[in-house]
Amino acid sequence: MSTERMLSPPTTRRKIKVLVAKIGLDGHDRGAKVIARALRDAGFEVVYTGLRQTVDQVVAAAIQEDVDIIGVNQHEGSHVYIARKLLEKLREHGAGDIPVVMGGSIPVVDVEVLKSVGVKEVFLPGTPIDEVVSKLLRLVEERKS
Amino acid sequence: MAKLYSREALEEILKAYKEWEENILPQWLSRMPERQKEFTTLSGIPLKHFYTPADLKDYDYVEKLGVPGAYPFTRGIHATMYRARLWTMRMFSGYGGPEETNERLKMLIKAGETGLSLAFDNPTLVGVDPDDPLAEGAVGVVGVSVPTLVDMEVVFRDINLGEVTTNMTINPPAPILLSFYVAVAEKQGVSYDRIGGTTQNDPLKEFIGQKTHVFPPEAAVKVAMDVIEWSVKNLPKWNPISISGYHIREAGATAVQELAFTLADGIEYVRQLIARGLDVDEFAPRLSFFFDSHINFFEEIAKFRAARRMWAKIMKEWFGAKKPRSWWMRFHVQTAGCSLYPQQPWLNIVRTAIEALAAVLGGCQSLHTNSFDEPFRVPSEFAAKIALRTQQIIAYETGVADVIDPLAGSYFVEWLTDEIEERAWRYIEKIESMGGMLEAVKKGYPQREVEEAAYRFQREVEEGKRLIVGVNVFREEDVEEVRRVPLLEFNQEEVERRQKERVRKVRSMRDEVRWRRALDELRGAAERGENIMPYVLNAVKAYATIGEVMGVLKDVYGTYVEPPYY
Numbered sequence: 006m007s008t009e010r011m012l013s014p015p016t017t018r019r020k021i022k023v024l025v026a027k028i029g030l031d032g033h034d035r036g037a038k039v040i041a042r043a044l045r046d047a048g049f050e051v052v053y054t055g056l057r058q059t060v061d062q063v064v065a066a067a068i069q070e071d072v073d074i075i076g077v078n079q080h081e082g083s084h085v086y087i088a089r090k091l092l093e094k095l096r097e098h099g100a101g102d103i104p105v106v107m108g109g110s111i112p113v114v115d116v117e118v119l120k121s122v123g124v125k126e127v128f129l130p131g132t133p134i135d136e137v138v139s140k141l142l143r144l145v146e147e148r149k150s
Numbered sequence: 028m029a030k031l032y033s034r035e036a037l038e039e040i041l042k043a044y045k046e047w048e049e050n051i052l053p054q055w056l057s058r059m060p061e062r063q064k065e066f067t068t069l070s071g072i073p074l075k076h077f078y079t080p081a082d083l084k085d086y087d088y089v090e091k092l093g094v095p096g097a098y099p100f101t102r103g104i105h106a107t108m109y110r111a112r113l114w115t116m117r118m119f120s121g122y123g124g125p126e127e128t129n130e131r132l133k134m135l136i137k138a139g140e141t142g143l144s145l146a147f148d149n150p151t152l153v154g155v156d157p158d159d160p161l162a163e164g165a166v167g168v169v170g171v172s173v174p175t176l177v178d179m180e181v182v183f184r185d186i187n188l189g190e191v192t193t194n195m196t197i198n199p200p201a202p203i204l205l206s207f208y209v210a211v212a213e214k215q216g217v218s219y220d221r222i223g224g225t226t227q228n229d230p231l232k233e234f235i236g237q238k239t240h241v242f243p244p245e246a247a248v249k250v251a252m253d254v255i256e257w258s259v260k261n262l263p264k265w266n267p268i269s270i271s272g273y274h275i276r277e278a279g280a281t282a283v284q285e286l287a288f289t290l291a292d293g294i295e296y297v298r299q300l301i302a303r304g305l306d307v308d309e310f311a312p313r314l315s316f317f318f319d320s321h322i323n324f325f326e327e328i329a330k331f332r333a334a335r336r337m338w339a340k341i342m343k344e345w346f347g348a349k350k351p352r353s354w355w356m357r358f359h360v361q362t363a364g365c366s367l368y369p370q371q372p373w374l375n376i377v378r379t380a381i382e383a384l385a386a387v388l389g390g391c392q393s394l395h396t397n398s399f400d401e402p403f404r405v406p407s408e409f410a411a412k413i414a415l416r417t418q419q420i421i422a423y424e425t426g427v428a429d430v431i432d433p434l435a436g437s438y439f440v441e442w443l444t445d446e447i448e449e450r451a452w453r454y455i456e457k458i459e460s461m462g463g464m465l466e467a468v469k470k471g472y473p474q475r476e477v478e479e480a481a482y483r484f485q486r487e488v489e490e491g492k493r494l495i496v497g498v499n500v501f502r503e504e505d506v507e508e509v510r511r512v513p514l515l516e517f518n519q520e521e522v523e524r525r526q527k528e529r530v531r532k533v534r535s536m537r538d539e540v541r542w543r544r545a546l547d548e549l550r551g552a553a554e555r556g557e558n559i560m561p562y563v564l565n566a567v568k569a570y571a572t573i574g575e576v577m578g579v580l581k582d583v584y585g586t587y588v589e590p591p592y593y
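Structure (structure tokens):
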């Protein structure tokens with residue numbers, strides 16, 4: 006099913022704003038860029054950080070851009086380390102309520118670890134965009150209510 | 028002229044084809060419609076039902092195929108190919124610290140691999156030390172951490188560098204890692220003329236895929252050309268560059284784009300080296316290449332064959348190279364990492380086997396086969412061994428290595444080889460019209476093309492136009508078995524601590540005066556625009572770390588920041 010067909014136009018006051026982030030030295034940005042475009046096509050407003058961001062830069066961008074959700078793309082194995090640090094810093098800055106999701110090359114056994122540190126959803130390679138979109142919409146709704 | 032088919036033969040063949048198209052096909056279609064409206068390769072090349080000599084009309088055998096070991100090398104660069112020597116089984120490996128990687132290399136040698144290939148961690152790939160804040164949490168994760176000469180010595184403990192060849196997937200810090208390697212060889216008493224291997228050292232593709240760029244494009248190319256120039260004069264067996272399509276493909280390019288952009292990168296480097304005053308036949312035999320082998324079987328084989336023919340033509344006709352060796356395209360292949368999925372991951376063993384078979388049928392010189400657990404993590408010993416054994420089965424059991432270029436003469440394969448070549452030339456012409464690949468990269472042209480292709484592929488998967496077993500067809504939701512896949516386990520925090528400690532120890536124990544002078548001399552050479560290689564070698568022998576050498580070079584050359592477009 007195409008993303009265009011499954012999505013009803015957002016009924017919120019503004020488009021849902023997503024920060025797509027690449028943290029650390031990893032250069033694998035294919036997934037980040039594809040998801041950024043797919044989300045934009047699905048009616049989201051997307052801010053892409055570019056490569057090699059620090060956790061602090063991502064937290065600052067999320068607050069400054071007033072995003073509804075943060076999506077972190079990791080392909081280099083340090084996802085648990087990064088997730089812990091990111092959620093901690095978000096809380097420190099009073100932005101702990103912004104839902105964080107992750108995607109990339111992540112072992113199945115780490116999915117629960119990531120969720121236990123506060124990551125809301127983990128998308129492994131092969132996840133249909135429709136599924137990503139509907140889960141992001143749900144997370145944003147949950148945060149509002 | 029060595030035309031394959033006479034006019035009379037072609038006329039008869041065309042008549043038979045028309046008869047099939049007009050009378051036989053419609054009957055069948057009405058009874059049994061085809062599975063898809065249109066069949067295309069992964070690159071989107073439309074495919075007919077079948078191919079005949081009519082698709083190869085005016086085909087000149089000698090001009091297009093010839094014989095193995097002779098121009099245009101479509102059938103292979105060696106006259107005997109795998110009948111004399113099999114391709115090098117070269118497993119890309121490395122994780123943790125130098126100790127862990129040394130163990131893994133020795134295991135793979137024992138298991139029968141015939142060449143080494145080092146995977147570095149992200150801090151090493153971009154040239155920062157393990158105690159740099161940017162390296163936090165990433166030391167030893169996706170490859171081995173090698174910040175100093177001391178680390179490199181440990182990587183090759185009990186391995187004689189005069190007896191093995193080693194590929195190093197390293198780009199901006201290539202002068203540094205090559206210097207580490209040369210210095211270790213010297214310590215082992217191995218003379219320069221016996222040091223064999225490859226530094227990837229391909230800066231332009233870094234801006235399109237891989238993205239471990241550090242310097243801005245022009246400086247990045249300058250540094251890479253320094254490595255080539257120095258190696259050509261000092262290390263007769265070294266391949267100072269591996270002009271790489273692999274990462275471009277993995278970033279989402281089609282096979283045609285991979286081929287065209289890689290050749291365009293190569294053309295740019297040849298021009299740069301000639302502009303330095305080098306003779307084309309002096310360096311051309313040392314240029315090597317690196318391609319992806321994806322899952323669309325025939326397209327990959329056709330791509331490899333077209334690549335050889337195109338490069339031979341470029342070197343001979345464009346650049347006037349005289350030595351046949353200058354016309355050779357020698358290439359390494361890695362099976363497609365991006366074709367592997369975490370769903371039912373053992374299926375990746377099958378995908379890799381098919382892709383490896385395509386590489387062999389395409390005439391590669393060396394091959395890495397991915398491990399089935401790589402969608403999750405760096406391979407376990409178990410998974411790496413299956414991957415290596417896959418190559419051994421192809422080499423020793425299947426018989427496919429016994430006849431050279433066995434698919435030649437297939438109407439389909441030859442048509443597809445021509446078609447891919449034709450499409451790749453069109454891209455190359457476009458890049459030429461932009462002033463060559465350095466200019467095209469600065470304009471973002473190949474980057475945008477690849478991103479478009481990546482997005483198009485994703486949409487095709489979403490829409491079910493591309494089927495991937497376990498992903499959008501034959502899915503299984505139960506992940507219990509996936510959970511039981513034994514992944515590589517090592518104490519990363521311990522490795523990071525050890526690597527930080529070692530780099531600090533190296534800094535505290537070296538001859539301060541010699542170290543300082545070596546870095547100052549490097550800075551001077553870089554500022555004057557000299558070849559930096561001798562100075563980098565001198566600095567690493569004085570135990571300058573990767574971060575320190577890169578620090579000096581970044582001061583002089585600047586740092587590239589990719590515009591965050593998508």
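Chains A and B supply the protein sequences, listed in that same order.
For what it's worth, this note's numbering labels the leading residue of the first sequence as 6, then goes sequentially.
For what it's worth, this note's numbering labels the leading residue of the second sequence as 28, then goes sequentially.
Idealized CB from N, CA, C, for every residue including glycine.
Every value quoted in this text rests on a predicted model; they were computed, and no experiment measured them.
Contact set between residue i and chain B, taken where Cβ atoms lie within less than 8 Å
i              : result
E81 (chain A)  : N149, A165, V168, V169
I134 (chain A) : Q485, E489
D61 (chain A)  : The contacting residues do not exist; D61 (chain A) stays about 10 Å from chain B at best.
For residue i, the nearest candidate out of the options (CA to CA)
i              : options                        : result
A37 (chain A)  : A:A26, A:A47, A:D31            : A:A26
A36 (chain B)  : B:P80, B:E49, B:L56, B:V567    : B:P80
E441 (chain B) : B:I51, B:D85, B:A43, B:G71     : B:D85
E401 (chain B) : B:P513, B:P590, B:F331         : B:P513
F358 (chain B) : B:N261, B:G364, B:E38, B:G224  : B:G224
L549 (chain B) : B:V498, B:V540, B:Y562, B:R555 : B:Y562
R526 (chain B) : B:D547, B:K133, B:G164, B:G103 : In the sequence as presented, Arg is not what sits at residue 526 (chain B); that position holds Gln. Checking every option, the nearest Cα to that of Q526 (chain B) belongs to B:G164.
S407 (chain B) : B:L41, B:L113, B:A43, B:E130   : B:E130
P230 (chain B) : B:V427, B:N397, B:R450, B:P243 : B:P243
S269 (chain B) : B:A201, B:A333, B:D220         : B:A201
E245 (chain B) : B:L465, B:G497, B:L415         : B:L465
R117 (chain B) : B:S144, B:M179, B:M134         : B:S144
T54 (chain A)  : A:V77, A:K90, A:D73, A:P104    : A:V77
L415 (chain B) : B:I458, B:T362, B:Q370, B:P433 : B:T362
Where residue i falls, given that 16 or more other Cβ within 10 Å makes a residue buried
i              : result
Y584 (chain B) : buried
Q63 (chain B)  : exposed
P267 (chain B) : buried
M6 (chain A)   : Because the pLDDT of M6 (chain A) is 39, which lies under 50, any placement of that residue in the model is unreliable, and the question is left without a value.
Q418 (chain B) : buried
Y424 (chain B) : Looking at the sequence provided, one finds Glu at residue 424 (chain B) rather than Tyr. Label assigned to E424 (chain B): exposed.
G82 (chain A)  : buried
I420 (chain B) : exposed
Proximal chain A residues relative to residue i, where beta-carbon distance stays under 7 Å
i              : result
L41 (chain B)  : Ordered by position in chain A, no residue passes the 7 Å Cβ test against L41 (chain B), which lies about 41 Å from the chain.
Y593 (chain B) : K38, A41, R42, Y53
Y482 (chain B) : V39, R42
Y278 (chain B) : A quick correction: the sequence has Ala, not Tyr, at residue 278 (chain B). What A278 (chain B) touches in chain A: R35.
Q370 (chain B) : G131
Coil, strand or helix - residue i by DSSP
i              : result
T379 (chain B) : helix
D400 (chain B) : coil
E126 (chain A) : strand
G48 (chain A)  : coil
H395 (chain B) : strand
K22 (chain A)  : strand
Y53 (chain A)  : strand
D538 (chain B) : coil
T68 (chain B)  : coil
H359 (chain B) : strand
R10 (chain A)  : With a pLDDT of 44 at R10 (chain A), under the threshold of 50, the modelled position of that residue is not reliable, and no figure is offered here.
Within chain B, the residues that residue i reaches when beta carbons sit closer than 9 Å
i             : result
I87 (chain A) : G164
Contacts of residue i in chain B (Cβ-Cβ under 7 Å)
i             : result
D34 (chain A) : K238
Residue i CB to nearest heavy atom of the ligand ATP below 8 Å
i              : result
E117 (chain A) : Questions concerning the ligand ATP fall outside what the structure shown contains, since it holds no ligand whatsoever.
Where residue i meets chain A, residues with beta-carbon distance less than 9 Å
i              : result
L514 (chain B) : P112, V114
Proximal chain A residues relative to residue i, where beta-carbon distance stays under 8 Å
i             : result
Y32 (chain B) : Neighbours of Y32 (chain B) on chain A: none; closest Cβ ~44 Å, over 8 Å.
Interface flag, residue i vs chain E, CB-CB below 9 Å
i             : result
V25 (chain A) : Looking at the structure shown, chain E is missing, and the protein chains on hand are A and B.
field: Minimum length 3: unbroken beta strand (DSSP E) runs contained in the region 191-226 of chain B
entry: Segments of the beta strand (DSSP E) lying fully in the region 191-226 of chain B: 193-195, 224-226.
task: Give, in chain order, every unbroken run of the alpha helix (DSSP H) that is at least 4 residues long and sits entirely within the region 444-528 of chain B.
output: The region 444-528 of chain B contains these whole alpha helix (DSSP H) runs: 464-470, 472-489, 507-510.
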